[in-house]
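K.L.:
Numbered per the working numbering, the sequence shown spans residues 464 to 898. In this text, a Cβ means the ideal position worked out from N, Cα and C, and glycines have one as well. Nothing here was measured: the structure is a model prediction, and the numbers come from that model.
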Amino acid sequence: MLGTGYLGATHAACLAACGHHVVGIDTDPERVALLQSGRAPFHEPGLDELLSRGVDSGRLTFHTDYAAAARDCNVHFVCVGTPQSAGSSAADLSALWAAVSSLGPLLDRPCLVVGKSTVPVGTAAHVRDRLRCLAPAGSAVGVAWNPEFLREGHAVEDSLRPDRLVFGAETNEADQVLRDVYAPLLAAGVPSVHTDLATAELAKVSANAMLATRISLVNLLAEVCEAADADVADLTTILGLDERIGSLFLTPGVGFGGGCLPKDTRAFVARAEELGLGEPAGLLREVDAINMRQRARTVDLAVSLLGGRASGCAVAVLGAAFKAGSDDVRDSPALDVAATLGARGAVVRVFDPEARDNARRVHPELSYPDDIESACRDVDLVLLLTDWPEFAGIDPVSLAEVVGTARIIDGRLALDPDKWRAAGWNFHALGRSAR
Ligand code: UGA
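(1) Which residue marks the beginning of the beta strand (DSSP E) containing H891, and which one marks its end?
(2) Alpha carbon to alpha carbon, how far is A475 from F814?
(3) Just confirm the distance between the C-beta atoms of T714 and R875, as a whole number of angstroms; I'd bet it's less than 8 Å.
(4) Going by DSSP, what residue range makes up the alpha helix (DSSP H) through V860?
(5) Taking P743 as the reference, which of G487, V732, A752 and R870 has the closest Cα?
(6) If you measure between the beta carbons of R522 and A479, is that distance less than 7 Å?
(7) Checking 7 Å against the spacing of the C-beta atoms, do L597 and P573 come in under that value?
(8) Could you compute how far the alpha carbon of N671 sits from the alpha carbon of D727?
(9) With distances taken from CA atoms, which of W883, P827 and L781 is nearest E853?
(10) Assign S500 to buried or exposed, taking buried as 16 or more other Cβ atoms, counted over all protein chains shown, within 10 Å of its Cβ.
(11) Below 6 Å, is the gap between the Cβ of L613 and the nearest heavy atom of ligand 1?
(12) Tell me which same chain residues have a C-beta within less than 7 Å of the C-beta of G709, skipping the five on either side of it?
(13) Pick helix, strand or coil for I871, following the three-state DSSP scheme.
(14) Taking the alpha-carbon of L660 as reference, which of R516, V629 and A675 has the nearest alpha-carbon?
(15) What are the boundary residues of the beta strand (DSSP E) that includes L575?
(16) Cα separation between H539 and H484?
(17) Taking Cβ to Cβ, would you say R734 is nearer than 7 Å to P610?
(18) Would you decide whether D791 is buried or exposed? Buried here means 16 or more other CB atoms lie within 10 Å of its CB.
(19) Just reading off the beta strand (DSSP E) that I488 is part of, what are its end residues?
(20) Taking the runs of the beta strand (DSSP E) that are 3 residues or longer, which of them lie wholly in the region 654-725?
(21) If you measure from the CB of I678, is any heavy atom of ligand 1 nearer than 6 Å?
(22) Got a sec? Which residues, its chain only, sit under 6 Å from A532 by beta carbon, not counting five neighbours each side?
(23) Since R812 is in the beta strand (DSSP E), which residue starts that stretch and which ends it?
(24) Please determine whether the Cβ atom of L724 lies at a distance below 6 Å from any heavy atom of ligand 1.
(25) Taking only the alpha-carbon atoms, compute the straight-line gap between L768 and I871 and give it to the nearest angstrom.
(26) Quick test of your reading: L497 and V619, contact by CB under 8 Å. State the CB separation rounded to the nearest angstrom.
(27) Is any non-hydrogen atom of ligand 1 found closer than 6 Å to the C-beta of K579, if you look at the structure I gave you?
(28) Sorted by chain position, which residues of the same chain lie with C-beta nearer than 7 Å to A897's C-beta, five sequence neighbours on each side aside?
(29) Compare the C-alpha of H617 against each of F505, S515 and L698 and name the closest.
(30) Residues in the same chain with beta-carbon distance under 8 Å from D528, minus the five sequence neighbours each way, listed in chain order, please.
(31) In terms of alpha-carbon separation, which member of A855, T662 and G894 lies closest to A877?
(32) Would you mind stating whether P647 and C536 have Cβ atoms separated by less than 7 Å?
(33) Using only the alpha-carbon positions, how far apart do V847 and E817 sit?
(34) Check whether the Cβ atoms of Y831 and R819 lie closer than 7 Å to each other.
(35) Output needed for L804: all residues of its chain with C-beta closer than 7 Å, excluding positions within five of it in sequence on either side, in chain order.
(36) Among the candidates K882, D850, L844 and D881, whose CA atom is the shortest distance from the CA of V865?
So this is what it looks like as structure tokens:
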């Protein structure tokens, strides 16, 4: 397993649980040491247990050295990160090419290299050509693509019981290797789709583009609701009851974030432009723009509730992670809004049950109290920006006694407006009537 981030570490632990011998390889020695001790370097329910079981069984080990660890493996999964490039919206493939360059010269016998990283369509074919140039085994090195659809916070469950397995392979032999690797999941009835390299690559970015589009569409509806004095919560309930639409991924609010949806939407556009499809890809440019607009609209609403100026006001932000169940703050709408209010002169206190340390590393200028009450004490405004279940369970009567002014923005449609208004709160949510 080359790369032990969310994807690689989880996949390594899950394949060890399936009975395989797995070596996780990463260039970061601290990460490797932590994983070798059976602990995940991030918050992921169930993963520590699976890692320690794998390590204790002797089937799961972690290394920093490709040469020592990878040479004897039959299957090499490439799980390195493909973040957004610094100067453009395209994916940065430098870690992928570095992994290929390190791995290629070690491949001196028939084996299969399986890409799991999210890449622009067409990358797999280049990986194959490059590996065959570098590898002493030449064309005996096969390449397949096997995208991963796991969600942070559900990574173990999504890996052991995925909705589907996608095998992008050029030969029956490569397809059979993937069938063998995933035999326990296939035996348990997980559906599999067998396709070519390009379709498998596209499957991942397309799924994320579709999810992102759904969220931005619902956020557009929220904005229309505001302008027309309608209620987006009732509207999404109505839409969700249509079986063709369904109710999942239909929650409006401060928008999507994280290490996947935003960068994959942008990378999709960049690749579509390269393929001469810049015009129709405009749809996804709007998806991104609407998403970023939700953050700006949340800041604007906060500033207007504070009387037109954030400067000198005390604000509590509940949530720093990009979503509940995760300590990941990459491209987090919650932290972005908190930091923007801080930059406008507000004194911002952020509480998150898991993401505090990560948030502090990125925004040390904000303060991070230990609990909801300390974050909210004497503030002029509370913003709920990550959908942690404990926030939905807050008692508005008790919290009203703690704050300076009982005024709240629900940026995740998590609270019952009637209950909060009955407790004396001035309650606001994007897409919901202010009455
Ligand atoms: C996403 C996909 O859901 C996974 O299938 C995919 O494997 C993963 O990216 C990836 O590419 O690796 P993840 O980033 O963990 O998973 O998070 P999601 O659960 O998709 O949530 C993304 C963002 O959308 C979060 O900020 C969340 O708060 C937001 N969201 C989600 C909404 O604003 N509204 C919703 O109704 C649902």
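P.N.:
Quick answer:
(1) Residue numbering aside, residue 891 sits at position 428 when the sequence shown is read from its first letter. First-last of the beta strand (DSSP E) with H891: N889 to H891.
(2) Numbered from its first residue, the sequence shown carries residue 475 at position 12. Numbered from its first residue, the sequence shown carries residue 814 at position 351. Counting only the Cα atoms, F814 lies some 32 Å from A475.
(3) Within the sequence shown, residue 714 is the residue found at index 251, counting from 1. Within the sequence shown, residue 875 is the residue found at index 412, counting from 1. T714 to R875, Cβ: 7 Å. Contact.
(4) Here residue 860 refers to the residue found at position 397 when the sequence shown is read from its first residue. Where V860 is concerned, the enclosing alpha helix (DSSP H) starts and stops at P859 to V865.
(5) Position 280 of the sequence shown, counted from the start, is the residue given in the question as residue 743. For the residues G487, V732, A752 and R870, the minimum Cα distance to P743 belongs to V732.
(6) Translated into positions along the sequence shown, residue 522 becomes position 59. Translated into positions along the sequence shown, residue 479 becomes position 16. In this structure, R522 lies near A479, with their beta-carbon atoms less than 7 Å apart.
(7) Position 134 of the sequence shown holds residue 597. Position 110 of the sequence shown holds residue 573. No, the pair does not count as a contact, with Cβ atoms beyond the cut-off.
(8) Numbered from 1 along the sequence shown, position 208 holds the residue referred to as residue 671. Numbered from 1 along the sequence shown, position 264 holds the residue referred to as residue 727. Here the alpha carbon of N671 sits roughly 7 Å from the alpha carbon of D727.
(9) Position 390 of the sequence shown, counting from 1, holds the residue named residue 853. Among W883, P827 and L781, the Cα nearest to that of E853 is on L781.
(10) Residue 500 sits at position 37 when you count from the first residue of the sequence shown. Looking at its Cβ environment, which holds fewer than 16 other Cβ atoms inside 10 Å, S500 is exposed.
(11) As a first step, residue 613 is located in the sequence shown; it is residue number 150 there, counting from the start. Flag set: Cβ of L613 near ligand 1.
(12) Against the sequence shown, residue 709 aligns to sequence position 246. Taking G709 as the centre and dropping the five residues before and after it, the same chain places the C-beta of G703 closer than 7 Å to its C-beta, in chain order.
(13) Position 408 of the sequence shown, counted from the start, is the residue given in the question as residue 871. The DSSP-derived three-state label of I871 is strand.
(14) Your numbering for residue 660 matches position 197 in the sequence shown. Nearest C-alpha to L660: V629.
(15) Working through the sequence shown from its first residue, we reach residue 575 at position 112. Per DSSP, L575 belongs to the beta strand (DSSP E) from C574 to G578.
(16) Working through the sequence shown from its first residue, we reach residue 539 at position 76. Working through the sequence shown from its first residue, we reach residue 484 at position 21. Straight-line measurement puts the Cα of H484 at about 12 Å from the Cα of H539.
(17) Within the sequence shown, the letter at position 271 stands for residue 734. Within the sequence shown, the letter at position 147 stands for residue 610. Contact flag unset, no.
(18) Counted from its first residue, the sequence shown places residue 791 at position 328. Counting C-beta atoms within 10 angstroms of its own C-beta, D791 has 16 or more neighbours from the protein chains shown and is therefore classed as buried.
(19) Locating residue 488 in the sequence shown gives position 25, counting from the first residue. Where I488 is concerned, the enclosing beta strand (DSSP E) stretches over V485 to I488.
(20) Fully enclosed beta strand (DSSP E) runs of 3 or longer: 655-658.
(21) Reading the sequence shown from its first residue, position 215 is the one you call residue 678. Relative to ligand 1, the nearest heavy atom lies less than 6 Å away from the CB of I678.
(22) Position 69 of the sequence shown, counted from the first residue, corresponds to residue 532. Counting only Cβ-Cβ distances below 6 Å, and skipping sequence neighbours, we find V486, I488 and H526.
(23) Along the sequence shown, one-based indexing puts residue 812 at 349. It spans V810 to F814 - the beta strand (DSSP E) in which R812 sits, taken as one unbroken run.
(24) Working through the sequence shown from its first residue, we reach residue 724 at position 261. Taken from the Cβ of L724, at least one heavy atom of ligand 1 lies inside 6 Å.
(25) Here residue 768 is taken as the residue at index 305 of the sequence shown, counted from 1. Here residue 871 is taken as the residue at index 408 of the sequence shown, counted from 1. So the alpha carbons of these two residues sit roughly 9 Å apart.
(26) For this step, residue 497 is matched to residue 34 along the sequence shown. For this step, residue 619 is matched to residue 156 along the sequence shown. The Cβ separation is near 17 Å, so there is no contact.
(27) Start at 1 with the first residue of the sequence shown, and residue 579 comes out as number 116. Within the chosen limit of 6 Å, ligand 1 does not reach the beta carbon of K579 with any heavy atom.
(28) Taking the sequence shown and counting its residues from 1, one reaches residue 897 at position 434. Here the set comprises H891.
(29) Position 154 of the sequence shown, counting from 1, holds the residue named residue 617. Residue F505 holds the alpha-carbon nearest to the alpha-carbon of H617 among F505, S515 and L698.
(30) In the sequence shown, the residue the question calls residue 528 occupies position 65. Short of 8 Å from the beta carbon of D528, and not among the five residues preceding or following it, lie these beta carbons of its own chain, in chain order: I488.
(31) On the sequence shown, position 414 is the one that residue 877 refers to. If we check each option's Cα against that of A877, A855 comes out closest.
(32) Residue 647 sits at position 184 when you count from the first residue of the sequence shown. Residue 536 sits at position 73 when you count from the first residue of the sequence shown. Not a contact, by the Cβ cut-off of 7 Å.
(33) Here residue 847 corresponds to residue number 384 of the sequence shown, with the count starting at 1. Here residue 817 corresponds to residue number 354 of the sequence shown, with the count starting at 1. According to the sequence shown, residue 847 is Leu rather than Val. Rounded to the nearest angstrom, the two C-alpha atoms are 15 Å apart.
(34) Reading the sequence shown from its first residue, position 368 is the one you call residue 831. Reading the sequence shown from its first residue, position 356 is the one you call residue 819. Yes. Within cutoff.
(35) Taking the sequence shown and counting its residues from 1, the one referred to as residue 804 is at position 341. Within its own chain, the residues whose Cβ lies closer than 7 Å to the Cβ of L804, once the five positions on either side in sequence are excluded, are V762, A765, A773, V778 and V811, listed in chain order.
(36) Numbered from its first residue, the sequence shown carries residue 865 at position 402. Ranked by how close their Cα comes to the Cα of V865, the residues K882, D850, L844 and D881 have L844 in first place.
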